[in-house]
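A.B. asks:
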Amino acid sequence: MLMFVVVTLMFCSVCDSSRLLKNVESQHGRNLLNNGLGATPPMGWNSWNHFHEHINETIIREAADALVSSGLSELGYTYVNIDDGWGEMSRDLDGNLVADKTKFPSGIKALADYVHENGLKLGIYSDAGYYTCAKRMPGSLGYEEQDAKTFASWGVDYLKYDNCNNGGIKPLDRYPIMTRALMKAGRPIYFSICEWGDMHPALWGYPVGNSWRTSDDITDNWERMLSRIDTNDVYADFAKPGGWNDPDMLEVGNGGMKKHEYIVHFSLWAIAKAPLLIGCDPGNMTDDTIEILSNAEVIAVNQDPLGIQGKKVRMEGALEIWAGPLSGYRVAVLILNKYGDRRAVISAEWDDIGLDPSTVVEARDLWEHETLKRQFVGKLTVTVEPHSCKMYVLKPIA
Ligand SMILES: *[C@@H]1O[C@H](CO)[C@@H](O)[C@H](O)[C@H]1NC(C)=O
Ligand SMILES: *[C@@H]1O[C@H](CO)[C@@H](O)[C@H](O)[C@H]1NC(C)=O
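With mature numbering (1 follows the signal peptide of the UniProt record, and there is no 0) applied, the sequence shown corresponds to residues -17 to -1, 1 to 381, in that order.
1) Return the Cβ separation of glutamate 71 and lysine 84 in integer angstroms, given the expectation that the two are a contact with Cβ distance under 8 Å.
2) With the cut-off set at 8 Å, would you say leucine 186 and threonine 133 are in Cβ contact?
3) Does the segment 322 to 329 come into contact with the segment 363 to 370, if we say contact requires no fewer than three beta-carbon pairs (one atom in each stretch) closer than 8 Å?
4) Is valine -12 helix, strand or coil when you go by DSSP?
5) Output needed for methionine 232: all residues of its chain with C-beta closer than 6 Å, excluding positions within five of it in sequence on either side, in chain order.
6) Is it right to say lysine 241 is buried, meaning 16 or more other beta carbons lie within 10 angstroms of its own, or is it exposed?
7) Which same chain residues, not among the five before or five after residue 385, have their C-beta less than 7 Å away from its C-beta?
8) Cβ of proline 379 within 8 Å of Cβ of threonine 342?
9) Are the beta-carbon atoms belonging to leucine 105 and leucine 142 less than 8 Å from one another?
10) For glutamate 280, which residues of its own chain have a beta-carbon under 8 Å away from its beta-carbon, when the five flanking residues on both sides are left out?
11) Between the segment 190 to 197 and the segment 116 to 126, do three or more beta carbon pairs fall short of 8 Å?
12) Could you tell me the alpha carbon to alpha carbon distance between asparagine 149 and arginine 211, rounded to whole angstroms?
13) Roughly how many angstroms separate the alpha carbons of lysine 86 and glycine 68, rounded to a whole number?
14) If we ignore side chains and look at the alpha-carbon of each, how far apart do glycine 239 and valine 63 end up?
15) Counting contacts by CB-CB distance shorter than 8 Å, is leucine 155 in contact with chain B?
16) Going by DSSP, name the residue or residues bridged to threonine 366.
17) In three-state terms, what does DSSP make of aspartate 334?
18) Return yes when at least one heavy atom of ligand 2 lies under 7 Å from the C-beta of glycine 238, else no.
19) Contact defined as beta carbons within less than 8 Å: I believe isoleucine 291 pairs with proline 308. What is the distance between those atoms, to the nearest angstrom?
20) How about aspartate 264: is its Cβ closer than 7 Å to a heavy atom in ligand 2?
21) Label glycine 180 either buried or exposed according to how many other C-beta atoms from any shown protein chain fall within 10 Å of its C-beta, with 16 as the threshold for buried.
22) Is it the case that the CB of glutamate 40 approaches a heavy atom of ligand 1 more closely than 7 Å?
23) Judging by CA-CA distance, which residue of Pro340, Ala301 and Leu55 is the nearest neighbour of threonine 272?
24) For a test of your reading of the model: does the CB of threonine 214 fall under 7 Å from any non-hydrogen atom of ligand 2? Yes or no.
25) Can asparagine 267 be considered in contact with ligand 2, in the sense that its beta carbon sits closer than 7 Å to one or more heavy atoms?
26) Candidates His183, Asp213 and Asp130: which alpha carbon is nearest lysine 167's?
27) Looking at the structure shown, is asparagine 215 part of a helix, part of a strand, or coil, going by DSSP?
28) Excluding the five sequence neighbours on either side, which residues of its own chain have a C-beta within less than 8 Å of the C-beta of tyrosine 114, listed in chain order?
29) With respect to the beta strand (DSSP E) encompassing methionine 298, which residues constitute its N-terminal and C-terminal limits?
30) Would tryptophan 305 and leucine 317 qualify as a contact pair, given that the criterion is a beta-carbon distance under 8 Å?
31) As a quick exercise: from Ser89, Gly169 and Leu155, pick the residue whose alpha carbon is nearest that of residue 383.
32) Tell me, which residues are paired with arginine 196 by DSSP?
33) Can threonine 269 and glycine 236 be called in contact, C-beta distance under 8 Å?
34) Any idea if alanine 111 is buried or exposed, counting beta-carbon neighbours within 10 angstroms, 16 or more meaning buried?
35) Leaving out five residues before and five after glycine 138 in sequence, what residues of the same chain have Cβ atoms less than 7 Å from its Cβ?
36) Let me know the secondary structure DSSP gives proline 190 once reduced to three states.
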């Protein structure tokens, strides 16, 4: 029944969206977004999940410093993204956005220069509406070209574009206008559509943005985290290099989940080719947090050049198998026990994960960092603790 509703919903939206998209293409040209960015999912940090609006230039600079000193930037976490709360309520006399004079006294350009000097990139936030979500600064609706030029002149590399206070104007009459403005701004700027999945942006997002949110906000909570990735999974087939589904930013390290639950969170985001945007305070990470975020083998699954989103391929009660192909004929597999009260013995069957049943593989455990001694054919059976997962890369033996 639920499946039927989802499928019907998707088909209706496909008709509606493809019609709308045709209108957009006839108005703006077919290849709206051609910035060469997002060949793999973006990695970095964003201020919102930990600091919310309570940001300033010190906090952003210290986050950048911590990405470098912790070694995370070397692992690929290079975007330093400022979220809502960075601007003055009033534009200047020429209509330009202005950084908050108290919180960002040196201005955004100085911050961009600083992160660039440290080998990082700067992201900023605006809103496809009259005000941003926090309502303490203006959005970019009606000012798209001017704001895109401002961001480019500051040296901004990434724009998260939210959906609040939009006057009821349809997303396809707002987001592509910013796409075109960014293309004219003279600097490659990653375009992150934050439309919350309202009008199924996966169906029209590829020519418009480098990624699109598939749901409303995550919170630092096991159930909520899982429901974000489940919603995101419905759209798996629409993701590819240059355009990714976005189940929202990471909560790893914010304290609301146990270590093994954060490992599930990070593993699911990685296999689903989600943006890996750290959402904790990088200046105050526990060893467990650093260990999770620094797992280079899990990151490599996320950043695999094939860029195919892994999906939930089997579910029995609260036991799930997620899988997706990787380069080199390898397969990433995530074996998940969502039960909170019992460990479980779970098998990943080759039929489900896209391997021929006769294929013999070597299995690499990405959290134990070891290649299992025996080889496997047909299935891989493991014991998984409550609210935990195991994650493997299976490599066919020639
Ligand atoms: C930013 O906030 C921190 C913590 O509240 C404070 O210590 C620091 O002085 C602030 N910096 C600026 C530029 O407001
Ligand atoms: C650092 O994190 C710990 C929890 O891990 C918290 O108790 C502490 O208040 C944090 N310190 C700062 C400066 O945010």
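Glycine is no exception: its CB is placed at the ideal position from the N, C-alpha and C atoms.
These numbers come from a predicted model, not from an experiment.
C.D. replies: So, from the listed chains and residues:
1) 7 Å
2) no
3) They touch, by the three-pair rule.
4) Because the pLDDT at valine -12 is just 49, under 50, the model does not fix this residue reliably, and the point stays unresolved.
5) Asn29, Asn32, Leu260 and Gly262
6) exposed
7) Nothing can be reported for residue 385: it is not among the residues displayed for the chain, which extend from -17 to 381.
8) Yes, the Cβ-Cβ distance between proline 379 and threonine 342 is below 8 Å.
9) 8 Å or more divides the Cβ of leucine 105 from the Cβ of leucine 142.
10) Arg347, Leu349, His352 and Val376
11) no
12) 23 Å
13) Looking at the two C-alpha atoms, the distance is approximately 9 Å.
14) 23 Å
15) Within the model displayed, chain B is absent; a lone protein chain is all it includes.
16) Val328
17) helix
18) yes
19) 5 Å
20) yes
21) buried
22) yes
23) Nearest option by C-alpha distance: Leu55.
24) no
25) True, at least one ligand heavy atom lies under 7 Å from that Cβ.
26) Asp130
27) DSSP places asparagine 215 within a helical segment (H, G or I) once states are collapsed to three.
28) Short of 8 Å from the beta carbon of tyrosine 114, and not among the five residues preceding or following it, lie these beta carbons of its own chain, in chain order: Met120, Pro121, Gly122, Cys147 and Asn148.
29) 294 to 299
30) yes
31) Since the first residue shown for the chain is -17 and the last is 381, residue 383 is missing from the structure and cannot be characterised.
32) Asp229
33) yes
34) buried
35) Lys92, Ala95, Asp96, His99 and Leu105
36) coil
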